[in-house]
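Remarks on the structure that follows.
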Amino acid sequence: MASKSTADVPRRIGELIEAIDRHSRLYYLEDAPEISDTEWDRLLRELQALEEAHPELLRPDSPSQRVGAPPAEGFAEVRHRVPMLSLANAKNADEMREFDERMKRELGDEIEIGDEAEISYVGEPKLDGAGIELVYEKGLLTVGTTRGDGQTGEDVTANLKQAGSIPLRLRGTAPDRISIRGEVALPVKAFKRLNAARLERGLEPFANPRNAAAGSLRQLHDIDLERLRSLEFRAYDLKENIPEGVLTQMQVLEQLRSWGFIVSEDSELCADIDAVVDYHRRMIEGRNDQRVEIDGIVIKLNRLDQQEELGTLSRSPRWAIAFKFPPQQAHTVIEDIEASVGRTGALTPVARLRPVHVGGVIVSNASLHNQDEIDRKDVRIGDTVIVQRAGDVIPQVVKVIKSKRPKRAKKWKLPKHCPVCNDPTVRLEGEVVTRCTNIDCPAQLKNNVRHLASRGALDVEGLGEKRVDQLVEQGLLRRLSDLFSLDRNALLSLERMGEKSADNLLAGLEKAKDTTLARFLIALGIQHVGETVAELMAGHFGDLDPLMAATQEDLEAIEGVGTIIAESLARFFADERNAGEVARLRELGLRWQKAEPRRPGEGTLSGTTFVLTGTLVNMSRAVAKQRIQNAGGKVTSSVSKKTDYVVAGADPGSKLSQAQELKLAILDEAGLEKLLAG
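Converting from the sequence shown to our numbering requires adding 35 to each position, the first position being numbered 1.
In structure tokens form, the structure reads like this:
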């Protein structure tokens, strides 16, 4: 690090704190990193070196104060100055209307229809997480506690300081002491990422995001910083010394947002109880599109003076209620357990269930993950179990109700031979997964062909799941590349395959040959290589040959590629059978347009800044970001006058209105595609 004059040090420390906080937020909360882990570590080391050389400049809101805090021997108890109460529940619209009538009745003379005193409500998503209180004194975070029993919680300040979503210092001005209430949750994407990492390390997966979040807060030893940094804190309440001019719950949320907290964007002012019921309906419909799991909505009187007028009961406030969603758990019976063979040969035990409604969907299968999970929960055929369906997560068995276990309940073990090809199965040391050792196993081939034909890969028209099964079972496909050498006469010999169907399939395969390098890489089914990594490789190398020649060290040097991805790519292309399949696919006519390798900042969109908001249809936001960067553009998380384009998908957030206010160029997904095409 170059030496700096003493006058430059405070400015540089400020720049580093701002940069590290920003990149931590992009990585852990938005799944949209702009720098590599190595670069993040370099920034932190530079900050720590400056702080060590100038201890008088150490700021309490410095990211260095989040990292490496010594573990406590136990959690001290902290009494809440204002109790953290629970909420009463409404199970349906009728009970919500009863709540509304009670509000009107108990406020009595306060209400004058048509007057500003008329009742209105604020609806907020009810996060399925852990309640937290944060105390700030003179703008600095001093104590963070769990809800506990509502009167007394545990001091988890050291762990909470690791969460990048919690400000260590409030923005702007604030009372000398202020208490912030909110919920800590683990976003669904982070939950999946952490579970995948745990499985790779041979550890048990977390049962659900709520357990993972709550457990993160109570870590004492061997603290998992990745878990803590992935936590998302959403603020929803103020206690003690509420600033003047903050008179409603909506103003509370705005004040919290101005201090730097994340506030649920789906919070909404509801003019009356009909609007509340409609809000509840819409939130149920969008339940599985949320970043974090929600299990209902919370309805509060909007006016703080009305809240104070009604007060609280011993356990809950009178002026708020939780309007729960239909349960996403149900009781059913395991009728059988079977081993399913996946694309990489992994054997996954699947419970065949007596069909049951869970969260509005009929569930008849549930994942049991692996043999260790079966043994830990002592799951047996014939057991009555609790089944859970959360978001887009595959239904899973949460718990066995052993009091209902029949005498004939049977224990189950993964087979020693593959249930499809009968080759031996193996469980490698340090892994929780049992795999089929036969690379030509028909089950693996079926799944690989389905993956190749999927929309995100080569998008082969006319090749559905049943057709893939038929082609493999009738011996027309023995390896992936056979798909592109299918003979029309052979196809016509298949049951329920007419001339039109055969011609459509062959036409779909011919059309699929003209692809992109990124889609071809996805189609190969390389472990850990999804859309984002494929686009990154395509942009970096421009063509397949230099990628296949790259060593693991070459790949690790690419920004955004870690050891696991680099090892997977290098191992795949070093395998002679895989290299042979790739060569044959190219000989059979699969082709893409070669491009000049690009480095960050180069390309047709060089010097152009984008902001993404809302849900895109044909690509994820992560892929859109990678494609923009491959074309030389830059993607930022916030809208400003320096933004050139805002790309708005379905259900855009506040960024769209900000762009409209600044009169910025707004693109839909088709407009972005056109721009990327040059």
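By construction, the Cβ of each residue, glycine as well, lies at the ideal position given by its N, Cα and C atoms.
Inter-residue spacing [alpha-carbon to alpha-carbon] between residue i and residue j
i, j, result
"Gln-729", "Trp-294", "Residue numbering for the chain in the displayed model covers 36 to 713; residue 729 lies beyond these limits and cannot be assessed."
"Glu-151", "Ala-310", "In this prediction, Glu-151 has a pLDDT of 41, which is less than 50 and means its spatial position is unreliable; nothing more can be read from the coordinates."
"Ile-701", "Lys-669", "16 Å"
"Ala-365", "Trp-447", "23 Å"
"Ala-539", "Gly-380", "The question names Ala, but residue 539 in the sequence shown is Asn. Whole-angstrom Cα-Cα distance: 31 Å."
"Ile-148", "Leu-339", "Reliability of the predicted coordinates at Ile-148 is poor, the pLDDT of 44 falling under 50, and the value obtained from them is presented with this limitation in mind. Looking at the two C-alpha atoms, the distance is approximately 18 Å."
"Leu-640", "Leu-571", "16 Å"
"Ile-48", "His-58", "15 Å"
"Asp-66", "His-563", "Here Asp-66 scores only 47 on pLDDT, less than 50, and its place in the model should not be relied on; the value that follows carries that caveat. Straight-line Cα distance between these residues: approximately 16 Å."
"Ala-232", "Phe-241", "11 Å"
"Pro-105", "Pro-45", "Bear in mind that a pLDDT of 39 at Pro-105, under 50, signals an unreliable position, so the number given afterwards is only what the model happens to contain. Spanning the two alpha carbons is a distance of roughly 27 Å."
"Arg-6", "Arg-424", "Examination of residue 6 is not possible in this model, given that the chain is present from 36 through 713 alone."
"Arg-721", "Ala-249", "Lying before the first or after the last residue shown, residue 721 is absent from the chain, which here runs from 36 to 713."
"Ala-705", "Trp-627", "22 Å"
"Glu-344", "Lys-274", "16 Å"
"Ile-409", "Asp-184", "33 Å"
"Asp-43", "Leu-93", "15 Å"
"Gln-83", "Ile-52", "10 Å"
"Val-170", "Glu-303", "26 Å"
"Asn-194", "Pro-98", "13 Å"
"Val-507", "Leu-518", "10 Å"
"Phe-134", "Arg-415", "44 Å"
"Leu-79", "Leu-388", "51 Å"
"Ser-489", "Glu-545", "15 Å"
"Phe-268", "Gly-143", "37 Å"
"Leu-711", "Pro-90", "48 Å"
"Ile-55", "Pro-95", "15 Å"
"Arg-206", "Arg-216", "17 Å"
"Asp-522", "Val-617", "20 Å"
"Ala-123", "Ser-351", "6 Å"
"Asp-129", "Glu-136", "11 Å"
Check whether residue i and residue j have beta carbons under 9 Å apart
i, j, result
"Asp-190", "Gly-179", "yes"
"Ser-214", "Glu-168", "yes"
"Val-398", "His-404", "no"
"Ile-308", "Met-318", "no"
"Leu-651", "Ala-685", "yes"
"Glu-708", "Asn-653", "yes"
"Pro-160", "Val-312", "no"
"Ala-605", "Ala-558", "no"
"Ala-401", "Asp-418", "no"
"Asn-337", "Thr-283", "yes"
"Gly-166", "Glu-218", "yes"
"Asn-276", "Pro-202", "no"
"Lys-288", "Val-157", "Looking at the sequence itself, residue 288 is Leu, so the reference to Lys does not match. Yes, Cβ-Cβ distance for Leu-288 and Val-157 is below 9 Å."
"Ala-306", "Leu-266", "no"
"Leu-697", "Thr-678", "yes"
"Asp-475", "Cys-453", "no"
"Val-646", "Ser-673", "yes"
"Gly-543", "Leu-498", "yes"
"Leu-590", "Ser-516", "no"
"Ile-421", "Lys-434", "yes"
"Tyr-271", "Ser-251", "no"
"Gly-560", "Ala-478", "no"
"Lys-481", "Asp-504", "yes"
Strand pairing of residue i, partner residues [DSSP]
i, result
"Arg-387", "Asp-371 and Asn-400"
"Gln-364", "Gln-423"
"Ser-214", "Val-170 and Lys-274"
"Thr-177", "Paired residues: none, contrary to the question."
"Ala-712", "Partner(s): none; Ala-712 has no beta bridge."
"Gln-431", "Ser-402 and Gln-423"
"Leu-471", "The sequence shown places Cys at residue 471, not Leu. Note: Cys-471 sits in a beta bridge opposite Thr-460."
"Lys-359", "Gly-331"
"Thr-671", "Val-646"
"Arg-204", "Leu-175"
Integer-rounded CB distance, given that residue j should sit under 8 Å from residue i
i, j, result
"Ala-683", "Thr-648", "6 Å"
"Val-495", "Ala-547", "5 Å"
"Gly-577", "Glu-631", "6 Å"
Check: residue i C-beta below 8 Å from any heavy atom of the ligand HEM
i, result
"Asp-56", "For the ligand HEM, the structure offers nothing, since it holds no ligand at all."
CB contact below 9 Å: residue i versus chain D
i, result
"Asn-405", "The chain inventory of the structure shown lacks chain D, comprising one protein chain alone."
Q. Which runs of the beta strand (DSSP E) fall wholly inside the region 103 to 140 and span at least 3 residues, in chain order?
A. 112 to 114
Q | Complete beta strand (DSSP E) runs within the region 285 to 357 (minimum length 3 residues, chain order) | A | 303 to 305 and 329 to 336
Q.
To test your reading of the DSSP string, which unbroken alpha helix (DSSP H) runs of 4 or more residues are found completely within the region 246 to 281?
A. 260 to 265
Q | Start-end ranges of the alpha helix (DSSP H) lying completely within the region 509 to 578, minimum 4 residues | A | 523 to 527, 534 to 547, 552 to 558 and 566 to 576
Q: Would you mind listing the alpha helix (DSSP H) stretches within the region 674 to 707 that are 4+ residues and don't spill past its ends, in chain order?
A: 689 to 696
Q: Could you name each continuous alpha helix (DSSP H) segment of 4 residues or more that falls completely within the region 589 to 663, going from the start of the chain to the end?
A: Taking only runs of at least 4 residues, the alpha helix (DSSP H) segments lying wholly in the region 589 to 663 are 598 to 609 and 611 to 622.
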